[in-house]
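Under the numbering used here, think of the first position of the sequence shown as 4, with each following residue one higher.
Each remark here refers to the structure printed beneath this line.
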Amino acid sequence: VYPCTWDNMISAHVRVGETPEEAVNRTAQKRFGINELKTVFLMNYSFETDQEIQHVYLYLAGSFPQYFQKPADVDHLKWWTIGQIEDNIGTKAFSEQFQREFEILLRSGLVVSCGCQCECRLRDAFS
């Protein structure tokens, strides 16, 4: 739906008999090689594009493994700091859906309160 944007969500259709949480974990494992993704459910809402109407279950991922596997079908991968995201809102770098969800995170205070507790190179960007 948004071919030239940087945001890439873990998304999939929920299968019959599957919970949204199971769909998130199945997709995280299949697409990114992440087992047992730690998530917090934030909200659900409907989002309409010219192509479809999505019922979205929005989760926040609390941590990623130290060695993140880049999916084979992804050409470019970039980690963004909060400041970089804020500087690029409205520049068409991100999808309309991501920009709405980022606003939700800002208003909720979750972006300010999140932190990186590992020893990765992004740790200082979150403090």
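Yeah, the Cβ is synthetic: ideal placement off N, Cα and C, and Gly gets one too.
Spatial distance of residue i from residue j (CA atoms)
i	j	result
Leu109	Ser49	20 angstroms
Ala75	Leu113	31 angstroms
Leu61	Met46	5 angstroms
Asn28	Leu80	20 angstroms
Trp59	Glu89	The amino acid occupying residue 59 in the given sequence is Val; Trp does not appear at that position. Distance between the alpha carbons of Val59 and Glu89: 23 angstroms.
Ala31	Asp10	15 angstroms
Arg17	Glu24	Per the sequence presented here, residue 17 reads as Val, with Arg not at that position. Roughly 9 angstroms between the two C-alpha positions.
Ile85	Phe44	20 angstroms
Asn38	Leu63	16 angstroms
Ser111	Glu104	10 angstroms
Glu55	Thr22	21 angstroms
Phe97	Gly20	32 angstroms
Ala15	Gly36	15 angstroms
Asp53	Thr8	17 angstroms
Residue i, DSSP secondary structure in three states
i	result
Ser49	strand
Val59	strand
Ala96	coil
Thr42	strand
Ala64	strand
His16	coil
Ala75	coil
Glu21	coil
Asp10	coil
Leu113	helix
Lys81	coil
Asn36	A quick correction: the sequence has Gly, not Asn, at residue 36. Three-state DSSP puts Gly36 in coil, outside helix and strand.
Gln102	helix
Gln87	helix
Residue i burial status per 10 Å Cβ neighbour count (16 or more: buried)
i	result
Thr42	buried
Gln100	buried
Cys117	Reliability fails at Cys117, whose pLDDT of 48 lies under 50, so the model's placement of it is uncertain and no value is given.
Closer than 7 angstroms: residue i CB and nearest the ligand COA heavy atom
i	result
Glu24	The ligand COA is absent from the structure shown, which contains no ligands of any kind.
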